[in-house]
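Quick mapping for you: the protein sequence lines, in order, are chains A and B. Using the UniProt record's numbering, the first residue of the first sequence is number 1, and each one after it goes up by one. Using the UniProt record's numbering, the first residue of the second sequence is number 1, and each one after it goes up by one. We put the beta carbon where it would ideally sit given N, CA and C, even for glycine. Keep in mind the model is a prediction, meaning the values are calculated, not measured.
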Amino acid sequence: MDPLYLAYSYFRRRKYKECVEITTKILEKNPYDQAAWHLKTRSLTAQVYVDEVDVDEEGIAEILMDDNVIANVSRPGTSLRKPGTAQSGPSQGMRPTTQGGRPLSGFVRPGTQSGRPGTMEQAIRTPRTAHTARPVTSASGRFVRLGTASMLSTPDGPFINIARLNFAKYAARPNLAKGLFEYIFHHENDVRNALELAALATEASQFNDWWWKVALAKCYYRLGMYRDAEKQLRSVLKSDEVIDAYLHLAKVYTRLDQPLAAVEIYKQALTQFPGETTLLTGIARIHEGIDKMDDAVAFYKNVLKFDSMHVEAIACIATHHFYSDQPEVALKFYRRLLQMGVYNAELFNNLGLCCFYSQQYDMTLTCFERALSLAEDDIILGDVWFNIGHVALGICDNKLAFQCFRLALSHNNDHAEAYNNLGVLELRRNHVEAARSFFQASYVMSPHLYEPHYNFAALADQLGDLQSSFVSAKRAVDAFPNHVDSSDLLKQLKQHFSLL
Amino acid sequence: MSGGNEKWLDAYHDPVASLYTFTQCLTLSDIQADGDWKLIVADLGTGSYDMKLKVYKNTTLMSEHTIIDLPTGVVTFYMDTLEPRTPAIAVASGPYIYVYKNLRPYFKFTLPPLDIHPMEEDLWNQAKDDQVNVFSMRDMLESLRQEGCSLTVRTLRLLQLEPNNIEAFVNVHKNTPLKKQTVITCLTTMKKSVADEDAISCLVLGTESKSIYILDPEAFTVLATMDLPSVPVFISVNGLFDVDYRIVVSCRNGCVYTLKRGSKDVTKHMIELNSQPVGMERINKNIYVACMDETLHCFTSKGKKLWTVRMPASIMTLEVIDYKPRSFAGILVSLSNQEVHIYKEKFLVDVLKMDDVVTGMRFGRFGREDGTLVMSTKRGGLYVKILKRTAKFEERDMSAGPPAAQNVKLNVPRKTKLFVDQTQRERENGVSMHRTFQRDLALLRLKVMREYVKALDNSMNPISSDPMEPIKLSAHVQGIGPTFKFTVKLQNTSLTQACSNLLITFDYDDKLYDFRKKLVQVPMLVPGLTYDFETFVDCLNDKGVTENVKVYVLKPGKSVPIITGVVSMPVSESIVVV
Numbered sequence: 001m002d003p004l005y006l007a008y009s010y011f012r013r014r015k016y017k018e019c020v021e022i023t024t025k026i027l028e029k030n031p032y033d034q035a036a037w038h039l040k041t042r043s044l045t046a047q048v049y050v051d052e053v054d055v056d057e058e059g060i061a062e063i064l065m066d067d068n069v070i071a072n073v074s075r076p077g078t079s080l081r082k083p084g085t086a087q088s089g090p091s092q093g094m095r096p097t098t099q100g101g102r103p104l105s106g107f108v109r110p111g112t113q114s115g116r117p118g119t120m121e122q123a124i125r126t127p128r129t130a131h132t133a134r135p136v137t138s139a140s141g142r143f144v145r146l147g148t149a150s151m152l153s154t155p156d157g158p159f160i161n162i163a164r165l166n167f168a169k170y171a172a173r174p175n176l177a178k179g180l181f182e183y184i185f186h187h188e189n190d191v192r193n194a195l196e197l198a199a200l201a202t203e204a205s206q207f208n209d210w211w212w213k214v215a216l217a218k219c220y221y222r223l224g225m226y227r228d229a230e231k232q233l234r235s236v237l238k239s240d241e242v243i244d245a246y247l248h249l250a251k252v253y254t255r256l257d258q259p260l261a262a263v264e265i266y267k268q269a270l271t272q273f274p275g276e277t278t279l280l281t282g283i284a285r286i287h288e289g290i291d292k293m294d295d296a297v298a299f300y301k302n303v304l305k306f307d308s309m310h311v312e313a314i315a316c317i318a319t320h321h322f323y324s325d326q327p328e329v330a331l332k333f334y335r336r337l338l339q340m341g342v343y344n345a346e347l348f349n350n351l352g353l354c355c356f357y358s359q360q361y362d363m364t365l366t367c368f369e370r371a372l373s374l375a376e377d378d379i380i381l382g383d384v385w386f387n388i389g390h391v392a393l394g395i396c397d398n399k400l401a402f403q404c405f406r407l408a409l410s411h412n413n414d415h416a417e418a419y420n421n422l423g424v425l426e427l428r429r430n431h432v433e434a435a436r437s438f439f440q441a442s443y444v445m446s447p448h449l450y451e452p453h454y455n456f457a458a459l460a461d462q463l464g465d466l467q468s469s470f471v472s473a474k475r476a477v478d479a480f481p482n483h484v485d486s487s488d489l490l491k492q493l494k495q496h497f498s499l500l
Numbered sequence: 001m002s003g004g005n006e007k008w009l010d011a012y013h014d015p016v017a018s019l020y021t022f023t024q025c026l027t028l029s030d031i032q033a034d035g036d037w038k039l040i041v042a043d044l045g046t047g048s049y050d051m052k053l054k055v056y057k058n059t060t061l062m063s064e065h066t067i068i069d070l071p072t073g074v075v076t077f078y079m080d081t082l083e084p085r086t087p088a089i090a091v092a093s094g095p096y097i098y099v100y101k102n103l104r105p106y107f108k109f110t111l112p113p114l115d116i117h118p119m120e121e122d123l124w125n126q127a128k129d130d131q132v133n134v135f136s137m138r139d140m141l142e143s144l145r146q147e148g149c150s151l152t153v154r155t156l157r158l159l160q161l162e163p164n165n166i167e168a169f170v171n172v173h174k175n176t177p178l179k180k181q182t183v184i185t186c187l188t189t190m191k192k193s194v195a196d197e198d199a200i201s202c203l204v205l206g207t208e209s210k211s212i213y214i215l216d217p218e219a220f221t222v223l224a225t226m227d228l229p230s231v232p233v234f235i236s237v238n239g240l241f242d243v244d245y246r247i248v249v250s251c252r253n254g255c256v257y258t259l260k261r262g263s264k265d266v267t268k269h270m271i272e273l274n275s276q277p278v279g280m281e282r283i284n285k286n287i288y289v290a291c292m293d294e295t296l297h298c299f300t301s302k303g304k305k306l307w308t309v310r311m312p313a314s315i316m317t318l319e320v321i322d323y324k325p326r327s328f329a330g331i332l333v334s335l336s337n338q339e340v341h342i343y344k345e346k347f348l349v350d351v352l353k354m355d356d357v358v359t360g361m362r363f364g365r366f367g368r369e370d371g372t373l374v375m376s377t378k379r380g381g382l383y384v385k386i387l388k389r390t391a392k393f394e395e396r397d398m399s400a401g402p403p404a405a406q407n408v409k410l411n412v413p414r415k416t417k418l419f420v421d422q423t424q425r426e427r428e429n430g431v432s433m434h435r436t437f438q439r440d441l442a443l444l445r446l447k448v449m450r451e452y453v454k455a456l457d458n459s460m461n462p463i464s465s466d467p468m469e470p471i472k473l474s475a476h477v478q479g480i481g482p483t484f485k486f487t488v489k490l491q492n493t494s495l496t497q498a499c500s501n502l503l504i505t506f507d508y509d510d511k512l513y514d515f516r517k518k519l520v521q522v523p524m525l526v527p528g529l530t531y532d533f534e535t536f537v538d539c540l541n542d543k544g545v546t547e548n549v550k551v552y553v554l555k556p557g558k559s560v561p562i563i564t565g566v567v568s569m570p571v572s573e574s575i576v577v578v
């Protein structure tokens, strides 16, 4: 069989490693075989390809040294940085929040974990593990890692020596240049050279090829030059209607913290491409980011109309229903996920919880057991044990609950929620000092939770330590401004201080 | 209510007048009987010196007199029937009242001395004749003090002295007669027999010795004395001395008492407040009391509470606004948020925004203008505002009916059809569901027990379950790499038991990490406190590989660690060359 044909076949079947092997052999025989060269670049790129339009994690440097911030105090509901200003949907008391003050999402993706840390201390502290830690800058984090990974796979040096390439020559040959650009951009992660190639190629195409303008925008975006990226993308949209350009433009606006402008772009794109799920998901994500849960769910439902297998949409809708007191509906959605072939500990954990709260007791514990056996790492195990602890609390078995929370802690030492619940249990057993130290541990670990703050304040109030109670109640109100019990306690303390 | 601009004219403002005073030490009066009313201020100065009596004619300082002690009140009153009708100024300061007439010192009145405890007097008399040892005298005085007797200043000073100074002190003072004096806390006036504007008035004053004195204005003799259960701080009088009168006094114990002519029982119309009073005023039959807990109360003269208004900030002082031309009577409340609120009854009718916290206010005639408000501020400013003749204060009544919150619909999700279907299933298969659940629960309990015992055996817990070593561990990693800071926090969770002789060590892959401190000696852990132990960790690999690090707390002689913490190390950022 023709080796090049075989290589193409491998490439189509996404067996990139085999494809690279064959094309390398062909190139050893004839270094000037353009077809083989192009195929090799493409398969090397495909090995490390990450969809550029997808959300990415903002790094510490971008957050703390942001020079694109226009208004520090933005109007309510117009900024991703101050979530909770345009709240709709269930309150914080019903639906837990992340460190950034945003409700937990049903679907973990970059950017959902934490919002913006308030201080350098919070940003630098890598609270849990490697997979939730924030990269220093988005220019280094993921991309450098990918870059080094590709370096490792070719121990005898890089396939293409970029420094010796004559970009002008390649820019004039569009069939090779596009593959080469992707290789430089994704595989070598050399944004500056990619930018140079893209600039030359745009010029060579008389500024008519939208692909090169989007490529330029990608480079500008990666370099943090958002306004230049915006200019390129706007110029694309003047002549061509391309989904890619719309998506990139919305991404630029999101990064510039103009969520409403991003939504506007998505909506504009939807008039051209009705029913495009990436656009609908984009809108839903932004609504979720600015805490408009009802709108987010409406768009996710819209997504499901066009793509009934969309995992993110199903998971987010399910979470919304679970936290708005309709676990039976959530159960339906999670079951759908299970039918679609998602089979992991998180899903079984959620199924177990939904079963328990919608009173389908016979399924509950089986689901949790399966979640325990499927859990791969200690973080998940900790969360599953924590939820089993809640079931134990639900059937009033405090001893079992106590053991479950202890197990959650032994798997995940930083499980602040478990510490808080243990504190409450200890308090019921009249171990005041232990309860106090558990609450303390809990709020030191996760200052964004309001429960430990309030519990600590209430306990200190009972013990007569009014000063600590006041300080802690204030922190609880900071974490959850609408929490009635904390505000009442605070008011009571204020009255107490001014009384005779 | 926007500012006070459509109601008030800014007549004068001087933020650096360096006038430090309170409402009680401000008064407006026509002291020269020329129809031009002057502002009389007892300036408290900067604390211990520089106390002055200042008189302003319009906005210029007209005269200034030094006062020896801190003034506690200033009033003007007519003390004779001579023409022209010039009132005298009375300044209360310490145990004295200084009376000025025509801006010249005229008379100094001293409060009658109080009774001295017979034992104390006896002791000092003996000391005068050298019949008693100073040290035994000191011991006896000390025992008197401990019995709770009220003693003279001289005795109290003696009790404070070092033993070697006592003899000299006694020798210096023993020959002067022993006196016990009190301090005036509040001062006001009361017309004597006629209710005219320029009728002769008595002085009414409250003292630190918990009594009220009424003084005759001509002879300066004490006309009446009344005793109170506590020290009076604010006083308000109406009526005539010779006919009938009521004195309302708010005291330091948080009670307001009403004294009537001839009555002895002060507790009859007693008002108990929730907090200490910071101001009291009276309009007609209503008593307005401002309290430290940011509230303004209104009571009838019988002591019945009418209403309470909560203020947005602490109240500094109160003043009555009684503007006769428009027959408007209200109460001015100065707040610590630099605002002055005007209340008519319980309705807020106006807000004045000031540049500083107002500590003293007086409303009345100043110069030739009837409705003038004079204010002094905390930083020593003097502000004068004139009420416009066109000003109208409209009270806004709160609309009757249920509170607005009652009409808000709660967002309770409806029960879905799915839910109904599921309850149907529950009803039909109840028994089998229960059995399955109970079986699963038994299995789960077993599993939990096993896991728990395993965790206990390995001491894989960050909290110790050993009652002998009640400690809790938490560990954090900070930093972005390649060097991290590793913090271990230990806390003793017991109430009484201290832990000692502990060690911290780490379990890690030595190809991946290098701990600079491999073993940490733990000092004795006192119950309740959190101890931090820090070390630096270097990541030796730049390939983005991480591993868990275990922290052990060990006790010498035990093969199993007491507690263990597991920390997932973050990915180390390599050094990026851009």
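Within 8 Å (strictly less), CB to CB, does Phe506 of chain B reach chain A? Taking the first residue of the second sequence as 1, we reach residue 506 of chain B at position 506. No, no contact with chain A.
Taking 8 Å as the threshold (beta carbon to beta carbon), is Ser308 of chain A in contact with chain B? Locating residue 308 of chain A in the first sequence gives position 308, counting from the first residue. Not closer than 8 Å to any Cβ of chain B, the Cβ of Ser308 of chain A fails to qualify, so no.
Taking only beta-carbon atoms, is Ile463 of chain B less than 8 Å away from chain A? Translated into the one-based positions of the second sequence, residue 463 of chain B becomes position 463. Yes, its Cβ sits closer than 8 Å to a Cβ of chain A.
Pairs of beta-carbons, one from the stretch 19-38 of chain B and one from the stretch 71-90 of chain B, closer than 8 Å: are there three or more? yes
Could you pull the start and end residues of the beta strand (DSSP E) that Val366 of chain B belongs to? Position 366 of the second sequence, counting from 1, holds the residue named residue 366 of chain B. In the sequence under discussion, the amino acid at residue 366 of chain B is Phe, which differs from the Val named in the question. Val358 to Phe366 is the span of the beta strand (DSSP E), which, as asked, contains Phe366 of chain B.
Could you please tell me which residues of the stretch 314-336 of chain A, in chain order, have their CB closer than 7 Å to any CB of chain B? Ser324, Asp325, Gln326, Glu328, Val329 and Lys332
So, at 7 Å on beta carbons, what are the nonlocal neighbours of Arg310 of chain B in its own chain, with the 5 sequence-adjacent residues on each side left out? For the purposes of this step, residue 310 of chain B is taken as the residue at position 310 of the second sequence. Same-chain partners within the cutoff: Glu294 and Thr295.
Note the first and the last residue of the continuous beta strand (DSSP E) segment covering residue 624 of chain B. Nothing can be reported for residue 624 of chain B: it is not among the residues displayed for chain B, which extend from 1 to 578.
Once you ignore the five residues that flank Ala139 of chain A on each side, which residues in its own chain have a CB closer than 6 Å to its CB? Working through the first sequence from its first residue, we reach residue 139 of chain A at position 139. For Ala139 of chain A, the predicted model reports a pLDDT of 49, less than 50, meaning its position is unreliable and no value from the coordinates is stated.
The beta strand (DSSP E) with Arg310 of chain B in it runs from where to where? The residue given as residue 310 of chain B occupies position 310 in the second sequence. Lys305 to Arg310 is the span of the beta strand (DSSP E), which, as asked, contains Arg310 of chain B.
Mind checking whether Thr535 of chain B and Tyr552 of chain B have CB atoms under 8 Å apart? Mapped onto the second sequence, residue 535 of chain B falls at position 535. Mapped onto the second sequence, residue 552 of chain B falls at position 552. No. Outside cutoff.
Run through the DSSP bridge pairs and tell me what residue 598 of chain B is partnered with. Examination of residue 598 of chain B is not possible in this model, given that chain B is present from 1 through 578 alone.
By a C-beta neighbour count over all protein chains shown, 10 Å radius and 16 as the cutoff for buried, is Val144 of chain A buried or exposed? For the purposes of this step, residue 144 of chain A is taken as the residue at position 144 of the first sequence. Note that Val144 of chain A has pLDDT 48, beneath the 50 cutoff, so the model's placement of it is unreliable and the number below is only indicative. By the neighbour-count rule (16 or more Cβ atoms within 10 Å), Val144 of chain A is buried.
Is DSSP giving Asn238 of chain B helix, strand or coil here? Within the second sequence, the letter at position 238 stands for residue 238 of chain B. If DSSP states are grouped into helix, strand and coil, Asn238 of chain B belongs with the strands.
Is any beta-carbon of chain B found at less than 8 Å from that of Tyr361 of chain A? Your numbering for residue 361 of chain A matches position 361 in the first sequence. Taking Cβ atoms only, chain B reaches closer than 8 Å to Tyr361 of chain A, which makes this a yes.
Answer yes or no: does any C-beta atom of chain A fall closer than 8 Å to that of Ser263 of chain B? Translated into the one-based positions of the second sequence, residue 263 of chain B becomes position 263. Output row for Ser263 of chain B: interface = no.
Closer than 9 Å by beta-carbon distance: list the chain A residues that pair up with residue 585 of chain B, in chain order. With chain B represented from 1 up to 578, any question about residue 585 of chain B goes unanswered, as that position is not in the structure.
Label Val484 of chain A either buried or exposed according to how many other C-beta atoms from any shown protein chain fall within 10 Å of its C-beta, with 16 as the threshold for buried. Position 484 of the first sequence holds residue 484 of chain A. Exposed.
Any beta-carbon of chain B closer than 8 Å to the one on Ser240 of chain A? The residue you call residue 240 of chain A lines up with position 240 of the first sequence. Before going on, a small fix: residue 240 of chain A reads as Asp here, not Ser. So no, Asp240 of chain A is outside the interface.
Is there a Cβ from chain B that is less than 8 Å from the Cβ of Asn413 of chain A? Counted from its first residue, the first sequence places residue 413 of chain A at position 413. Taking Cβ atoms only, chain B reaches closer than 8 Å to Asn413 of chain A, which makes this a yes.
C-beta neighbour in chain B for Gln467 of chain A, strict 8 Å: Reading the first sequence from its first residue, position 467 is the one you call residue 467 of chain A. Not one chain B Cβ lies under 8 Å of Gln467 of chain A.
What does Val566 of chain B reach in chain A if we use C-beta pairs closer than 9 Å? The sequence position of residue 566 of chain B within the second sequence is 566, counting from 1. In chain order: Asp378, Ser410, His411, Asn412 and Asn413.
Does Ser211 of chain B get closer than 8 Å to chain A when you measure Cβ to Cβ? Walking along the second sequence from the start, residue 211 of chain B turns up at place 211. No - not a single Cβ of chain A is within 8 Å of the one on Ser211 of chain B.
Would you kindly report the start and end of the unbroken beta strand (DSSP E) that includes Cys298 of chain B? Translated into positions along the second sequence, residue 298 of chain B becomes position 298. First-last of the beta strand (DSSP E) with Cys298 of chain B: Thr295 to Thr300.
Is Thr202 of chain A close to chain B, meaning its C-beta is less than 8 Å from at least one C-beta of that chain? Locating residue 202 of chain A in the first sequence gives position 202, where the first residue counts as 1. No, no contact with chain B.
Just to confirm my understanding: we take Lys128 of chain B, look at its own chain, exclude 5 residues before and 5 after, and list those with CB closer than 6 Å. What are they? Residue numbering aside, residue 128 of chain B sits at position 128 when the second sequence is read from its first letter. If we look at Lys128 of chain B and ignore the five residues flanking it on each side, its Cβ neighbours are Lys174.
Going by DSSP, what residue range makes up the beta strand (DSSP E) through Met292 of chain B? Counting from one through the second sequence, the residue named residue 292 of chain B turns up at place 292. Counting along the chain, Met292 of chain B falls outside any beta strand (DSSP E), and DSSP gives it neither H nor E.
Measuring CA to CA, which of A:Ser498, A:Gly77 and A:Lys17 is closest to Ala261 of chain A? Walking along the first sequence from the start, residue 261 of chain A turns up at place 261. Answer by Cα proximity: A:Gly77.
Smallest Cα separation from residue 549 of chain A: which of A:Lys218, A:Arg436 and A:Pro103? Any question about residue 549 of chain A goes unanswered here, given that chain A covers just 1 to 500.
Would a check of beta-carbon distances place Leu493 of chain A closer than 8 Å to chain B? On the first sequence, position 493 is the one that residue 493 of chain A refers to. Taking Cβ atoms only, chain B never reaches closer than 8 Å to Leu493 of chain A, which makes this a no.
Taking Cβ to Cβ, would you say Cys202 of chain B is nearer than 8 Å to Leu223 of chain B? The residue you call residue 202 of chain B lines up with position 202 of the second sequence. The residue you call residue 223 of chain B lines up with position 223 of the second sequence. In this structure, Leu223 of chain B lies closer than 8 Å to Cys202 of chain B by Cβ.
Which value, in whole angstroms, describes the spacing of the CA atoms of Ala476 of chain A and Gln360 of chain A? For the purposes of this step, residue 476 of chain A is taken as residue 476 along the first sequence, with counting starting at 1. For the purposes of this step, residue 360 of chain A is taken as residue 360 along the first sequence, with counting starting at 1. Approximately 35 Å between the Cα atoms of the pair.
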